[in-house]
Amino acid sequence: MLIAADIGNTNIVIGFFKDGNFLFSRRLHTGPPQSVDEYEMLLRGMLFAFNGDLDTAENGVVASVVPELTGVFIELLKRITGLKPLIVDHALKLGIQIETDFPEKVGHDRIANAVAAYHQHRTSLIVIDCGTATTFDVIRSDGVFEGGLICPGMLISAEALYSRAAQLFQVNLDKPEQLIGKNTTESMQSGIFNGYCAMIEALVVKITEDLKERNQPEPKVIITGGHATKISEYLPDAAIEENLTLTGLSLIHLLNQK
Numbered sequence: 378m379l380i381a382a383d384i385g386n387t388n389i390v391i392g393f394f395k396d397g398n399f400l401f402s403r404r405l406h407t408g409p410p411q412s413v414d415e416y417e418m419l420l421r422g423m424l425f426a427f428n429g430d431l432d433t434a435e436n437g438v439v440a441s442v443v444p445e446l447t448g449v450f451i452e453l454l455k456r457i458t459g460l461k462p463l464i465v466d467h468a469l470k471l472g473i474q475i476e477t478d479f480p481e482k483v484g485h486d487r488i489a490n491a492v493a494a495y496h497q498h499r500t501s502l503i504v505i506d507c508g509t510a511t512t513f514d515v516i517r518s519d520g521v522f523e524g525g526l527i528c529p530g531m532l533i534s535a536e537a538l539y540s541r542a543a544q545l546f547q548v549n550l551d552k553p554e555q556l557i558g559k560n561t562t563e564s565m566q567s568g569i570f571n572g573y574c575a576m577i578e579a580l581v582v583k584i585t586e587d588l589k590e591r592n593q594p595e596p597k598v599i600i601t602g603g604h605a606t607k608i609s610e611y612l613p614d615a616a617i618e619e620n621l622t623l624t625g626l627s628l629i630h631l632l633n634q635k
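The structure is reproduced here in structure tokens:
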């Protein structure tokens, strides 16, 4: 069994794979770092609920954008499997080519998303990850990762509004019933939600135009991340891939087996 850990700024997502097949995943709040012992107990609890046994894990792979947790998970997975886990970076065999100014600085999660998306679709792609930040990653039809855009996530945008406007307050971030708010709460809900979705719609159009001007085929749009289902109706031709990052981690591990 392979344990894949996607360590993000808000959540840690743990995925379990058997013979390359996805079994299940569980999500933890990133929060302050815990001890290796505490994380091991959490993983054992996850597998127990799935009628699995942590002692059957043979390999691990980690993508992390939280440096203070990377070492903890290296030690955790080494303890569980007896082997140092594979740590995602640009220098591994990926099945794609990263052509950015500083490939070593591309987020591990973005690399994993691009690997999974290109492996599945083999065409030009726009991969949108709706997490703490909202990232747009662009992959050409020949498998070249060109870079992308990094924008505030929906929650970051909302928190900025609350913190900088004394008379505003936290609101539900689901789609409001109507566009034009009739009170402060409705107006904030609509502005945050519809503004976020409009940003994504507009940027997909602009990226698509840019690719077509360079003779790339119409890009396939892939959406992943915590808010993916919320925006899916605004991009009806897009595919939602809830486990895209974990799938990418599993593929990267497979590509780098000796």
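Residue numbers for the sequence shown follow this note's numbering, beginning at 378 and rising by one. Backbone N, C-alpha and C define an ideal beta-carbon position, used for all residues, glycine too.
Would you mind sorting residue i into buried or exposed? The rule is 16 or more other CB atoms within 10 Å of its CB.
| i | result |
| --- | --- |
| residue 583 | exposed |
| residue 436 | buried |
| residue 481 | exposed |
| residue 422 | exposed |
| residue 418 | exposed |
| residue 623 | buried |
| residue 383 | buried |
| residue 547 | exposed |
| residue 427 | exposed |
| residue 517 | buried |
| residue 406 | exposed |
| residue 522 | buried |
| residue 458 | buried |
| residue 425 | exposed |
| residue 618 | buried |
| residue 408 | exposed |
| residue 559 | exposed |
Figure out for me which residue from the options has the closest Cα to the Cα of residue i.
| i | options | result |
| --- | --- | --- |
| residue 574 | 534, 585 and 438 | 534 |
| residue 515 | 589, 406 and 545 | 589 |
| residue 633 | 407, 430, 466 and 478 | 466 |
| residue 489 | 477, 478 and 506 | 506 |
| residue 550 | 540, 617, 565 and 581 | 565 |
| residue 404 | 603, 615 and 618 | 603 |
| residue 605 | 504, 459, 553 and 560 | 504 |
| residue 402 | 498, 420, 386 and 496 | 420 |
| residue 536 | 558, 411 and 569 | 569 |
| residue 626 | 385, 387 and 392 | 392 |
| residue 585 | 502, 519 and 411 | 502 |
| residue 432 | 412, 562 and 453 | 453 |
| residue 479 | 455, 456, 525 and 472 | 525 |
| residue 597 | 483, 410, 496 and 430 | 496 |
Which whole-angstrom value describes the C-beta separation of residue i and residue j, a residue pair presumed to lie in contact below a C-beta threshold of 8 Å?
| i | j | result |
| --- | --- | --- |
| residue 438 | residue 494 | The pair is not a contact, with the Cβ atoms about 17 Å apart (cut-off 8 Å). |
| residue 414 | residue 442 | Not quite, the Cβ-Cβ distance comes to about 24 Å (not below 8 Å), so this is no contact. |
| residue 608 | residue 600 | 7 Å |
| residue 500 | residue 613 | Not a contact, Cβ separation roughly 18 Å. |
| residue 545 | residue 538 | 6 Å |
| residue 492 | residue 628 | 5 Å |
Between the C-alpha atoms of residue i and residue j, what's the straight-line distance to the nearest angstrom?
| i | j | result |
| --- | --- | --- |
| residue 508 | residue 390 | 12 Å |
| residue 463 | residue 447 | 11 Å |
| residue 512 | residue 542 | 26 Å |
| residue 400 | residue 577 | 31 Å |
| residue 591 | residue 579 | 19 Å |
| residue 530 | residue 510 | 4 Å |
| residue 474 | residue 556 | 42 Å |
| residue 444 | residue 527 | 19 Å |
| residue 616 | residue 416 | 33 Å |
| residue 461 | residue 450 | 10 Å |
| residue 398 | residue 567 | 40 Å |
| residue 378 | residue 469 | 21 Å |
| residue 476 | residue 552 | 37 Å |
| residue 456 | residue 498 | 36 Å |
Which residue marks the beginning of the beta strand (DSSP E) containing residue i, and which one marks its end?
| i | result |
| --- | --- |
| residue 505 | 502-507 |
| residue 392 | 388-395 |
| residue 521 | 521-529 |
| residue 510 | 510-516 |
| residue 551 | First-last for residue 551: undefined, no H or E at that position. |
| residue 597 | 597-601 |
| residue 383 | 379-384 |
Which residue marks the beginning of the alpha helix (DSSP H) containing residue i, and which one marks its end?
| i | result |
| --- | --- |
| residue 441 | Counting along the chain, residue 441 falls outside any alpha helix (DSSP H), though it belongs to the beta strand (DSSP E) covering 436-441. |
| residue 402 | Careful: residue 402 lies outside any alpha helix (DSSP H), inside the beta strand (DSSP E) at 398-406. |
| residue 587 | 561-590 |
| residue 427 | Residue 427 -> no alpha helix (DSSP H), and no H or E assigned at all. |
| residue 448 | 444-458 |
| residue 622 | 621-632 |
| residue 636 | Because the chain spans 378 through 635 in this model, residue 636 falls outside it and cannot be assessed. |
| residue 607 | 605-608 |
| residue 495 | 485-498 |
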